[in-house]
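Asker:
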Amino acid sequence: MIPEPYLQYRVQQGDTLEKIANQFGTTVQEIMQTNRITNPSTIYPGQRLTIPVIYYTVRERDTLYDIARRVMERQFKPL
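Quick look at the structure:
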């Protein structure tokens, strides 16, 4: 079974999209785009968000540096 590339998250009191993005290793822009959010200040406690998940297939001879670099390049690519 292949997992879907998304998680469900329920917004907690004090959460911001930036905090949630950092927690899941994604970007505010990706969360906003996935959930069709136009204003990041409009999230509220109890709201369910779909969080895009980043998967990476390890290649032979990959180092942690290589993996981190590739993942970071993907995260900060302009949408």
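Numbers 23 to 101, taken from my numbering, label the letters of the sequence shown in order. Note that the Cβ used here is the ideal one computed from N, Cα and C, for glycine as well. None of the values given here were measured: they were computed from a predicted structure.
1) Which one or two residues does DSSP pair with proline 74 in a beta bridge?
2) Given a cut-off of 9 Å on the beta-carbon distance, is the pair threonine 56 and isoleucine 73 in contact?
3) Out of Pro27, Val80 and Asp37, which has the shortest C-alpha to C-alpha gap to threonine 64?
4) Beta carbon of tyrosine 78, beta carbon of isoleucine 89: below 9 Å?
5) How many angstroms separate the CA atom of valine 50 from the CA atom of valine 80?
Answerer: Concretely, from the data shown:
1) Looking up residue 74 in the sequence shown gives position 52. According to DSSP, which records beta bridges pairwise, proline 74 is partnered with Tyr28.
2) Numbered from its first residue, the sequence shown carries residue 56 at position 34. Numbered from its first residue, the sequence shown carries residue 73 at position 51. Closer than 9 Å, so yes.
3) On the sequence shown, position 42 is the one that residue 64 refers to. Of the listed residues, the one whose Cα sits closest to threonine 64 is Asp37.
4) Start at 1 with the first residue of the sequence shown, and residue 78 comes out as number 56. Start at 1 with the first residue of the sequence shown, and residue 89 comes out as number 67. Cβ atoms of tyrosine 78 and isoleucine 89: closer than 9 Å.
5) As a first step, residue 50 must be located in the sequence shown, where it is residue number 28. As a first step, residue 80 must be located in the sequence shown, where it is residue number 58. Distance from the CA atom of valine 50 to the CA atom of valine 80, rounded to whole angstroms, is 25 Å.
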